[in-house]
Ligand code: F6R
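Residue numbers (my numbering): 9 to 702.
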């Protein structure tokens, strides 16, 4: 998905070389989100001049283009603002002209970087074209840039403030987005706004900030209105002539404790990983926030007011401290982030449990759920809702939830859940599982359930994300930043977090005590067992380089808890090795998939020892009778498997946790298949880390 980065320095000398470096690094840190072109816009040598660099392909190419240009890199700016973007093509192919920043006109009066999709862009484009405006790109963003110029040009005396101008523009937009605006009419100012797409602002000062929050400013009643009836698709368009009413207050937090303005830098990004190397002090914007940075001050306005004239969200935005370390977003000794993240799992599962499991007392404490436990226990059903890997983690734990809570549980793909308009009631408990916390389908499903009065629980990795903020309660899985597009450590941490949730919900049921204890004992062993599984890495590389090297397809079979393992393993193989792979419920074999089996069809069958073992043995017999030569994922010491069969032997754990170990060889296998074929492991083609559009 696209990535935004903006940089502002105030009373702090920076030469152009440093500024370009900061911008390119900001983009590089967000590369993992997926993109196909990169660009930036900085101040030129003369007032009112903006210089662009744009490149199709990687940020490395953008750096090269800058290095090869003859721009004067030693020019120093004591204050400036600049914006940059990685674009994941939606409207129009990757090309220099479609690459952001997008300009309003050849004099660059307004330039914009944009994440998300403006759904009424076509109508806006039509109206603006009818009024004589010329478009040069195929992007939806250009309609916004030109609309901004149109609104500005329509102002008598052009006395509108930058945030009021942007507010007027945003009121005409439909869809979900995050924007940063820069303009030659407002030198050294930027305005940034979000609706449905994440944005945060890092603040860096030498002295301590006076206060740790920024007030949300409620503007005057006629602020942000312009010309009536401009856009036909927005019948309630509130464009009307602007009031030049400017209620400027001095922002309290940019001053040092002695009350004096101080040198300050601001970093605007869609992702904390682009900010953490500069500062850990960040402020997350809420939907419909409009942040204005000017003269070293940060002001936050709201797009709309509620009927009583009050902002409907809290009246301040606090400046929080990021908990991630810079090392967490570096590859270290590994070749790829995905490899690093697979190898981090012995620690990441511990981080999910840290402070939440007291092994000696068999006690679980999930602080984020504590006060909601009685409501959850009284719920008439639990509905899990997620996409992709996160969906698989819910599927992997569904049976355990049903067993331990005795509440009916359903697991829904968020997109399908919305398509079906599933009935949801006040006594439902809806659990939203998401690594990024920004997946559009999952967010829409969450809002659908909130509207219907259900209790909404988030199982999220990214602190401060939309899902973590909009749910009533939840668990942060604390897996640490996941950079590889293919989710690995987030899967195992989501799985562990869900196990903890089920255990916590069942703590009042004495009859479950032995079962709970067995699971908690299993959790204690988990890190050591994961390390043992990782020792199989070279065997898996060997399978990838020999047995599976030239195959076009791979079937993964299992049942019960291992059905989710097969689906997740197949997803990993598809997404990074670009190989057709299918997870099959072994109980369904005879109902169709068996027809695929012959001596040429590669199969992996998951046959670890749980209560369904005999049934999986029967599936094994059915496929080998048809000459398949499956690789068997089984437990160490299982003598039931005939000599000569290729096996991947794993430590045994309690049935509900076995999937946590069984998935790791499949993660490694997909990784080695991708490496062998020379694919971009961390950024597979056509995919994005954070899917912020439907
Ligand atoms: C696959 C993968 C995706 C995500 C899915 C949901 O490896 O990463 O399938 O799991 O896009 O993303 P989150 O968990 O961020 O909601």
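Every residue gets a Cβ at the ideal spot worked out from N, C-alpha and C, and that includes glycine.
For residue i, which of the options has the nearest alpha-carbon?
i: residue 219; options: 278, 299, 639 and 306; result: 306
i: residue 129; options: 546, 369, 182 and 29; result: 182
i: residue 204; options: 641, 404, 105 and 448; result: 448
i: residue 669; options: 478, 644, 679 and 652; result: 644
i: residue 535; options: 64, 276, 354 and 435; result: 354
i: residue 458; options: 477, 470, 444 and 471; result: 477
i: residue 680; options: 350, 510 and 200; result: 350
i: residue 750; options: 509, 683, 344 and 64; result: Summary: the structure shown does not reach residue 750, with the chain confined to residues 9 through 702, and so no result is reported for it.
i: residue 84; options: 75, 59, 53 and 109; result: 53
i: residue 436; options: 552, 462, 682 and 420; result: 462
i: residue 95; options: 412, 390 and 125; result: 125
Is DSSP giving residue i helix, strand or coil here?
i: residue 112; result: coil
i: residue 138; result: helix
i: residue 359; result: helix
i: residue 364; result: coil
i: residue 643; result: strand
i: residue 347; result: helix
i: residue 292; result: strand
i: residue 6; result: Shown here, the chain extends from 9 to 702; a query on residue 6 therefore has no answer.
i: residue 316; result: For residue 316, the predicted structure reports a pLDDT of 47, less than 50, and the residue's modelled location is therefore unreliable. The matter cannot be settled from this model.
i: residue 273; result: strand
i: residue 436; result: strand
i: residue 223; result: strand
i: residue 593; result: strand
i: residue 93; result: strand
i: residue 190; result: strand
i: residue 163; result: coil
i: residue 371; result: strand
i: residue 249; result: At residue 249 the pLDDT is 35, less than 50, meaning the model places this residue with poor confidence; the figure from the coordinates comes in the next sentence. Residue 249: coil per DSSP, three-state reduction.
i: residue 98; result: coil
i: residue 563; result: strand
i: residue 201; result: strand
At which residues does the alpha helix (DSSP H) containing residue i begin and terminate?
i: residue 464; result: That residue, residue 464, is in no alpha helix (DSSP H); its beta strand (DSSP E) goes 463-468.
i: residue 449; result: 448-459
i: residue 536; result: 521-542
i: residue 681; result: 663-684
i: residue 400; result: 396-413
i: residue 72; result: 67-76
i: residue 553; result: 545-553
i: residue 173; result: 170-178
i: residue 474; result: 474-478
i: residue 383; result: 381-386
Ends of the beta strand (DSSP E) at residue i?
i: residue 571; result: Run containing residue 571: none in the beta strand (DSSP E); it sits in the alpha helix (DSSP H), 569-585.
i: residue 657; result: 655-658
i: residue 299; result: 297-302
i: residue 284; result: Note, residue 284: premise wrong, no beta strand (DSSP E); not H, not E.
i: residue 146; result: No beta strand (DSSP E) holds residue 146; DSSP gives it neither H nor E.
i: residue 628; result: Segment 621-633 is the alpha helix (DSSP H) holding residue 628; no beta strand (DSSP E) there.
i: residue 212; result: 208-213
i: residue 324; result: 324-326
i: residue 182; result: Looking at the DSSP string, residue 182 is not in any beta strand (DSSP E), and its letter there is neither H nor E.
Among the residues of its own chain, which have a CB less than 7 Å from the CB of residue i, if the five just before and after it don't count?
i: residue 394; result: 402, 422, 440, 441, 442 and 450
i: residue 190; result: 49, 89, 91, 119 and 198
i: residue 112; result: 118, 153, 154, 156 and 157
i: residue 604; result: 563
i: residue 618; result: 568, 569, 663 and 666
Which same chain residues, not among the five before or five after residue i, have their C-beta less than 6 Å away from its C-beta?
i: residue 336; result: 488 and 489
i: residue 504; result: 357 and 360
i: residue 292; result: 208 and 472
i: residue 500; result: 353, 357 and 668
i: residue 654; result: 639
i: residue 404; result: 503, 572 and 667
i: residue 575; result: 400 and 591
i: residue 538; result: 353 and 354
i: residue 330; result: 280, 284, 288 and 290
i: residue 380; result: 481
Ordered along the chain, which non-local residues of its own chain (more than five positions away) have a Cβ less than 8 Å from that of residue i?
i: residue 376; result: 481, 482, 483 and 484
i: residue 547; result: 656
i: residue 137; result: 143
i: residue 374; result: 364, 483, 508, 509 and 512
### Within the region 18-58, ranges of the alpha helix (DSSP H) (whole runs, at least 4 residues)
The region 18-58 contains these whole alpha helix (DSSP H) runs: 24-36.
### Task
Would you list, in sequence order, the uninterrupted alpha helix (DSSP H) runs of no fewer than 4 residues that lie entirely inside the region 481-520?
Listed in chain order, they are 497-513.
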